[in-house]
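**Q** Questions regarding the structure given below will be posed in turn.
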Amino acid sequence: MLLCLGAALAGCGSPDVPQPEQIVGRTLEEGFERANQLTASRSQLQIDAYIRRMGLEGLTQDQQGLVYRIEGKPLGPRPVEGVSIALAYSAELLDGTPCGSADTINPVEFVLGHRDQAAGLEEVVRQMAPGQTALAIVPPHMGYGLVGDGKLIPPHAAVVYHIHWMRYTRGDRQ
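Residue numbers (full-length UniProt numbering): 1 to 174.
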């Protein structure tokens, strides 16, 4: 009898049997993955509704959910990493609430690839050239994500950008 009990207890520490911490960790991870999927689906539905409501056509959507349309004749080549870019833009939430702007007198300048701006904005600029304009709808995971910007952009918000690429200069702005 004692021999059977000893054998049973020895099997309790088996590496094949998941420990409670592993089960909880796996369950939490699966829960977070599911929450992220639901959030992404909700964002995509909101973006699709905005596109229908505004009657937008001729848009491109990439695999990450970034939606954009580029117009106008390019006045030069597309940018490369490390180029300083000057943009005029206006930004709004899907409900039309303004949430940012830069005009031709005071454009926003940033170095492409330094991640100074939302990833979605940088991605659209990579597809543009000076002189072109773009409409871009940046989903939350490529914009300001879970926390927003702490000012005008709330958590989980998609942002609509109207962009005019003015100019660029080669080199880093360090």
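Glycine is no exception: its CB is placed at the ideal position from the N, C-alpha and C atoms. Small disclaimer: the values here were computed from a predicted structure and weren't measured.
Whose C-beta lies closer than 7 Å to the C-beta of Asp116 among residues of the same chain, with five residues either side of it excluded?
**A** Phe110, listed in sequence order.
**Q** Do three or more CB pairs link the region 153–168 to the region 79–99 at distances below 8 Å?
**A** Counting Cβ pairs under 8 Å, three or more are found: they touch.
**Q** State the start and end residues of the unbroken alpha helix (DSSP H) segment that holds Arg126.
**A** Its alpha helix (DSSP H) spans residues Ala119 to Arg126.
**Q** Return yes when the Cβ of Glu122 is within less than 9 Å of the Cβ of Asp62, no when it is not.
**A** For Asp62 and Glu122, no; Cβs fall outside 9 Å.
**Q** Measure the C-alpha to C-alpha separation of Ala86 and Pro107 and round it to an integer number of angstroms.
**A** Spanning the two alpha carbons is a distance of roughly 6 Å.
**Q** Looking only at its chain, what residues have a beta carbon closer than 8 Å to the beta carbon of Ile47, apart from the 5 residues adjacent to it on each side?
**A** Cβ within range, chain order: Gly65, Val67, Leu94, Ile137, Pro139 and Ala158.
**Q** If you check the beta carbons only, do Leu59 and Val83 fall under 9 Å apart?
**A** Result no, Cβ atoms of Leu59 and Val83 do not sit closer than 9 Å.
**Q** Which runs of the beta strand (DSSP E) at least 3 residues long sit entirely within the UniProt domain "PPIase FKBP-type" (82–169)? Give them in chain order.
**A** Listed in chain order, they are 84–93, 98–102, 108–111, 133–138 and 159–169.
**Q** Return the chain-ordered list of same chain residues with a C-beta closer than 6 Å to the C-beta of Gln132, the five sequence neighbours on each side being excluded.
**A** So the list reads Ile70, Gly72, Pro74 and Trp165, once near-sequence residues are dropped.
**Q** Please confirm whether His156 and Ser43 have their CB atoms less than 9 Å apart.
**A** Yes, they are a contact pair.
**Q** Within the 9 Å Cβ cut-off, does Gln44 reach chain B?
**A** Absent from the structure is chain B; it holds one protein chain and no more.
**Q** Under three-state DSSP, which class holds residue 179?
**A** Look at the range of the chain in this structure, 1 to 174, and you will see that residue 179 is not part of it.
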